[in-house]
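Residue numbers (our numbering), protein chains in the order written: chain A, 1 to 152; chain B, 153 to 598; chain C, 599 to 1352.
For glycine and all other residues, C-beta sits at the position ideal for the given N, C-alpha and C.
Have a look at the structure below before the remarks.
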Amino acid sequence: MAFTLNVNGTDMEVDAAPETPLLWALRDHLRLTGTKFGCGIAQCGACTVDIDGVATRSCQFPVEAAEGVKITTIEGLGAEGEHVLQKVWTEMNVPQCGYCQSGMVMAAAALLKDIPEPSDADIDLYVDNICRCGTYPRVRQAIHRAAELLKA
Amino acid sequence: MRAFARWFARLAVVAVAAVVAAYWYGTRLPSSPFDGVQAAAAMPLETGQYAARVSDCVACHSTHDGQPFAGGLEMGTPLGSIHATNITPDPEHGIGNYSLADFDRAVRRGVAPDGRRLYPAMPYPSYAKLSDEDVAALYDYFMNHVEPVAQPNPPSEIAWPLNIRWPIEAWNIAFAPTDSFEPDPEQSDFWNRGAYLVQAGGHCGSCHSPRGVAMNEQGYDETDPAFLSGALLDGWYAPPLRGGSGNGIGRWSEDELVAFLKQGRNEHGVVFGSMMEAFNNSTAFMTEADLRAMAHYMKSLPRASEPLWEYDETTTASFAGGMAEAQPGAQLYLQKCSYCHGRDGQNRGTFIPPLAGPSSVLADTPASVINIILNGAGRVVSDGVPDSYRMPPYRVQLTDREIADLATFVRTSWGNTGDAVTPEEVRELRERTDPFSDRVIVLQMR
Amino acid sequence: MTEHMKLSRRGFISTMLGTGGALVMGLSRPVVAATLGAKPWDSFGEGAAFTPWLQIDPTGKVTVYVTHPDIGNGVVTQACSYIREELACRWEDIRAEYAAPERDHALGGVYSEVGGPLGYFSGRSTFEDRRTAYMTAAAGARERLKAAAAEAWGVDASEITAEEGVLSHASGQSAPYAEFVAAAAAVTLAEEPAPKPREEWTFLTKASPAKIQIPEIVTGRAVYGLDVRPPGMVYAALRQSPVMGGQLVSYDFEAIRDMPGVRAVVEVKPTEPGEPDRIKPAFPLGASVTGSAIAVIADHYWQARTALDALPVVWDDGPGAKWLNIEMMEEAAMAAVRAPGETVELSVGDVAAEFEAGGTVVEAEYLTPYCDHVQLEPLNCTALITENSAEVWAPAQHTQQAFFVTVQETGLAPEQVKLHQTYVGGGFGRRVFGDDTRMAVAVAKGYPGVPVQVIWSREESVRQGRYRPLMGAHMKARLDDDGLPSALQMRVSGGPGFFSNGLANTAFPLVVPNAQIESTVVRDFHIKAGPLRGPGYNSFVFFHESFIDELAEAAGADPLDYRIRIYEKWEDEGWVKILNVLKEKSGWGTPLPTGQARGVAIGNWGMGGRPQHGTTLGAVVHAEVSTEGRVKVHRIDVAFDSGRVMNRDAVQVQLEGGAIFGLNLAMNEKLNVQNGRIVEGNYDEYPLIRMADTPEIHIHFEGLTDHDRYDEIGEPPVGPVGPALASAIAQITGKRPRSQPYREHDLSWGGGEA
């Protein structure tokens, strides 16, 4: 079946079964591989994308429900790394292997949209992604730093 | 004293006589229309196989790793565990020596060839309504199309004297109807077909009808308002199947109901818990025409009036702009659930079910909500294809209190009208339920 | 012998003019004749005999060729740092590329001889041989640039300075490197410059550059194994025998033939036992053999995976199915340590005589479970196999081993094989042996002519691991009148492939006057073990340090002071220095509320029985246990001695991440077994620490002894955090967890009410 998805501001056509998770439509059909496959059951957050302003795990979001919504992936957050989170992530040496980080950044971006100056507790609630390398302390520091930069 | 002794002796005689009579009655073989009848020539495989799928024999008479119909599934009862028996045509351990009449008595009356009464875990009070044709088809299927398996039946764990079977006959007299299905002449053939499937083979009431103090189902057809009015069984809440009005399937169309039974999902919900097993092994295999008839029948059943659920948007709005002051359940929902179920609690197509408004969150009992958070959902197999939208179990990740907070939040948000859930309720279910498995479980019948 | 000398002897450093006039620094040597014909790799200019280490293009951009795949530890950045130190170019001008293993092979191991079997391994980037190779090449390039400028400006090359990519002379002449790149390529130096002595370093150990690939990561452009998309690629969903060692009996392709996108089913047969090696591998190929497997190939992964789930498959489970549950295996491991071991690993003095002497004897048994790496990127690999070529894209942790297993599995000549190293979504030891690459190649062989991306689902990845082995230990010690052990007996066991070599990674048995260590292999364990972030070490530190804690308790001593008394006998001062730093910095001894305590532990990764080797690391864990038994870790203090550090920030983040890894391993991780199958498949049942569970972590650099080494950082923190937490738990609850993970223990105390 053909579906029209609005991804990063552009309408794109995907021909896939209705139950196909958005993750695979993005990665395999649209070749937007920045959104990662980690678990397939919405436990790790590596596939986090923004759907209408809410961080959503795309591995458990059927493409049949993805029409008529606005989808933003890591590629659309700041294609050249211009988003404040991308900048502080780079400066503060946050990623290790980096595989979970597009999901981390997308979760953090949704957090900052909701709460421009998040507390540690807010970060705990909004960024529940898994990082096997253990970048959590740096992710936390980087989110605080980004909030400071946004405020200034 | 002597008078008393005489009185006592007389009483003893009467009592013994009564026991002997009851024993005789409780072990006698009821009659069968097939008494003295030889089974007809073998039928095509499909005939009996379909009847067996409708009646979902395999769900109880097989284990996940065992041979089809070889029995062995453990069933907990308040008195101890019993095991479903071997119903393959093995002559020693199975039903190989059963005549058609023996088979009929077991299926429709709950009586073994030696007169032993079966435990009513076997839904013979529902199967009593099976037609002679369907019983003969089932017999043909088990005798001619199922592989014999020489697997002994495990002994039941119910201790003497509670394991004496003949007193079950008293339960049968009190609670188990023996009437065959009588079509309602006022209704269409279509309606009657649905009623037959729901009441007889489908034995929907086994889970969906409330039970009395003796575990007896309250009503076996639409004449009883309790029939299919929702019940709690094995840690899952089976919602009302009376769809004439109200919440739950009262809000579903017949088409949506058919989709649910055929595909395992629609925009209102996805099969889970015991219904996932009933779907994977039974309704998924039924014909569209039969499912339509069942849906038509269910939608015709009137329902006691109840407060109607209405979506409340304030929950969704409450997520915006900081959760520091929110209740712990809302925080946990944001942290663990909102990534799939959204802040609005609405469905995502037919694959992510809504948490706003379904029967299981509106019910008096929180069992299903707790159970599915604890243990997750199994894999729904539609058209032979397992889905991959499964609810993960949170048994390992969340404490009793956290699950209680979360369940409370879900049951009281978006207009849902459930009560608060306590950690004790979670602990009890945690102890009683098995850890989850993501293995695909469709029991093969051959 | 330094690498500089090796290079001089085996080849000669030279330059060449690259495409568009680039300066390429590298090594020339006689080409192995057989490799000249095929030339499947990208050629640098005309001379296939040339192996580049770095290239400066005419705009001044510098490319560094790196053999070590970066698995998140910053090894690529480290290679660039060596170049930056000697070349004095601008950091922003440096980029890196992986050095192709086929070129290495064609040139007789020109890259891989630096580091031996670990030449293409994802770690040890700070070891001297590697460092010297890069710095030699960069110094040569710098001097050539100077020589070229000297020629142009008519001055002496020794008067020219090179700084931030600019050559300048006191006369006022100044030009960016770019200007002299072409000329430099033609320069022949009378003598190749030696790398700077470390006293003259201005960048190494001073600057802490962030990983150079981060801009690609945060924009989603970094290409991991799962992200390669060669033209015409199809996808394969893989399933292996659910019981390791089992065999495929049958499957029914007809049941899925008509499903959308389905192209084929490929069966993979187990590798023939005793198959001869077709190439000399880095690690024995036995660790990479394939088991029985089946794969569905389809246009899209989702289609392949769905069809695989629907494919009826019958397996013969094989002998492994006899292990009905993990308890059976645990009992077998423990039974093995209750009798004398089959191998004596260490024997000093007379342990038996000491035990007979009486006095205080302490005995305890410990156990660590099977654990999976659960690296975030599930196993995968992409391969295009034809009759006479193989092209493979692998997220390998040892690029060369992936190349070797491709040669082995295809039977092709090495020069027909091309291997692309991709970014790696976590390694932790899982992607070292190349079993994943080999399986993917085996599948692609069955569907030749198009690239096939073979993907393990998360569940498949977890259930077909090469695990941290299940290991048992029985410890026994006698205490002298001073409370210190006079005799130590340790018996350890594990399945085939468990890491008894890690036993040499502690000083403890070396400072006890009488010590005997014995090991036993439980041969019928069918579950495969492999290296997991500190193989062997992450269990042995738990055994040793938990036991020392019990000895301290028996001696009535403070656990930290007791360790100082034990380890001050060891000739490496780092141990005591670390313990003293921890004592000072962690708040050790300051009172804590009821229900909280601090525990300490220390270990060494890589010492191999020698002082001043490896990295010694100690941790203090401050934990709280609720009366219901719920554990919360508030703070971890880490002090360490790797000698010196190259990149302070890189060390800091590795130690933070490693401490979290060690904490999770001890607290949460365990695989269960049911009828020979691994039960857990995904993060729902195999929980990992998340943001909200992450404690405050303090890394203390004051433990460094400034000994002349830059030892490893990834593995060391994984060992001590677990036993330090066990110690804290024991102090709070009176219950000492002697097996991991601790979450399985009932740790309620004081009546257990909330």
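Is the CB-CB distance between T1118/C and A934/C below 8 Å? Yes; because the gap between Cβ atoms is below 8 Å, this pair is in contact.
Measure from the alpha carbon of D208/B to the alpha carbon of each residue in A508/B, L484/B, D496/B, P275/B, then state which is nearest. When only C-alpha atoms are compared, the closest one is P275/B.
Taking all protein chains shown into account, do 16 or more other C-beta atoms lie within 10 angstroms of the C-beta of E690/C, making it buried, or fewer, making it exposed? An exposed status is given to E690/C, since fewer than 16 other beta-carbon atoms sit within 10 Å of its beta-carbon.
Return yes when the Cβ of H355/B is within less than 8 Å of the Cβ of E406/B, no when it is not. Contact: no.
Kindly confirm or deny that the region 397-413 of chain B and the region 501-512 of chain B touch, where touching means at least three C-beta pairs closer than 8 Å. Touching, per the Cβ criterion.
What are the residues of the region 802-828 of chain C that lie near chain B, defined by any Cβ-Cβ distance shorter than 7 Å? Residues are counted here when their Cβ sits less than 7 Å from a Cβ of chain B; for the region 802-828 of chain C the count is zero.
Alpha carbon to alpha carbon, what distance is there between V1271/C and K920/C? Between K920/C and V1271/C, the C-alpha separation is close to 11 Å.
I'd like to know if L1068/C contacts chain B, where contact means its C-beta is closer than 8 Å to some C-beta of that chain. It does not: the Cβ of L1068/C has no partner Cβ on chain B nearer than 8 Å.
Would you please state the rounded distance, in angstroms, between the beta carbons of L1130/C and F1026/C? I believe it to be under 8 Å. Indeed they touch by this definition, with Cβ atoms about 6 Å apart.
Under 9 Å between beta-carbons, which chain C residues line up against H395/B? List them in chain order, please. According to the sequence shown, residue 395/B is Gly rather than His. Chain-ordered listing is empty here: chain C has no CB closer than 9 Å to the CB of G395/B, the nearest sitting near 32 Å.
On a CA-only basis, which of Q973/C, E711/C, G939/C, E1267/C is nearest W1054/C? Give me that one, please. It is Q973/C.
Quick check: what's the CA-CA separation for N8/A versus M1/A? Whole-angstrom Cα-Cα distance: 22 Å.
Hey, Q60/A and A46/A: beta-carbon distance below 8 Å or not? Between Q60/A and A46/A, the C-beta gap is not smaller than 8 Å, which leaves the two residues out of contact.
Determine whether the Cβ of E1283/C lies closer than 8 Å to any Cβ atom of chain B. A Cβ of chain B is located within less than 8 Å of the beta carbon of E1283/C.
How close, in whole Å, do the beta carbons of L743/C and Y775/C come, if the pair is a contact with beta carbons under 8 Å? Taking 8 Å as the upper bound for CB-CB distance, L743/C and Y775/C are in contact here, some 6 Å apart.
To the nearest angstrom, how far is it from the Cα of L121/B to the Cα of P868/C? Coverage of chain B is limited to positions 153 through 598, which leaves residue 121/B absent and any answer about it impossible.
Members of the region 1225-1237 of chain C near chain B, C-beta cut-off 9 Å: Flagged, chain order: E1226, R1228.
From the beta carbon of V139/A, is the nearest beta carbon of chain C less than 8 Å away? Yes, contact with chain C.
Per-residue contacts from K145/B into chain A (C-beta, under 8 Å): Chain B is shown only over 153 to 598; residue 145/B falls outside these bounds and no answer can be derived.
Using a Cβ-Cβ cut-off of 8 Å, state whether I555/B counts as contacting chain A. Closer than 8 Å: no.
Members of the region 1291-1306 of chain C near chain B, C-beta cut-off 9 Å: Correct list: empty, as no residue qualifies.
Return yes when the Cβ of R27/A is within less than 8 Å of the Cβ of T35/A, no when it is not. T35/A places its beta carbon less than 8 Å from that of R27/A.
Quick check on D50/A: does DSSP put it in helix, strand or coil? In the structure shown, D50/A sits in a strand (DSSP, three-state: E or B).
Taking its Cβ as the centre, do 16 or more other Cβ atoms sit within 10 Å of R394/B, making it buried, or is it exposed? Buried, because 16 or more other Cβ atoms sit within 10 Å of the Cβ of R394/B.
Which residue from Y541/B, G501/B, V578/B, Y546/B puts its Cα closest to that of A65/A? Of the candidates Y541/B, G501/B, V578/B, Y546/B, the one whose C-alpha sits nearest the C-alpha of A65/A is G501/B.
Would you tell me roughly how many angstroms separate the C-alpha atoms of A962/C and R1163/C, rounded to the nearest one? Cα-Cα distance, rounded: 21 Å.
Between the alpha carbons of Q1114/C and R701/C, how many angstroms are there, rounded? In this structure, the alpha-carbon of Q1114/C lies about 48 Å from that of R701/C.
What does H1018/C pair with, by DSSP beta-bridge criteria? According to DSSP, H1018/C bridges with W991/C.
Alpha-carbon to alpha-carbon, A436/B and G416/B: Linking G416/B to A436/B through their CA atoms gives a straight-line distance of about 7 Å.
State the Cα-Cα distance for the pair R363/B and V172/B, rounded to the nearest angstrom. Cα to Cα, the separation comes out at about 30 Å.
Identify each residue in the region 56-71 of chain A for which the Cβ-Cβ distance to at least one residue of chain B is less than 9 Å, and report them in chain order. Residues T56, R57, C59, Q60, F61, P62, V63, E64, A65, A66.
When the cut-off is 8 Å and only beta carbons count, does A108/A lie next to chain B? For A108/A, not one C-beta of chain B is nearer than 8 Å to its own C-beta.
Quick check on R584/B - is its C-beta less than 8 Å from some C-beta in chain A? Not one chain A Cβ lies under 8 Å of R584/B.
Here's the rule I'm using: 16 or more other beta-carbon atoms within 10 Å means buried, otherwise exposed. How should G76/A be labelled? Flag for G76/A reads buried.
For a cutoff of 8 Å on Cβ pairs, would you count A834/C as touching chain B? For A834/C, the nearest beta carbon of chain B is not closer than 8 Å to its own beta carbon.
Since K1183/C is in the alpha helix (DSSP H), which residue starts that stretch and which ends it? Looking at the DSSP string, the run of the alpha helix (DSSP H) that includes K1183/C is 1172-1183.
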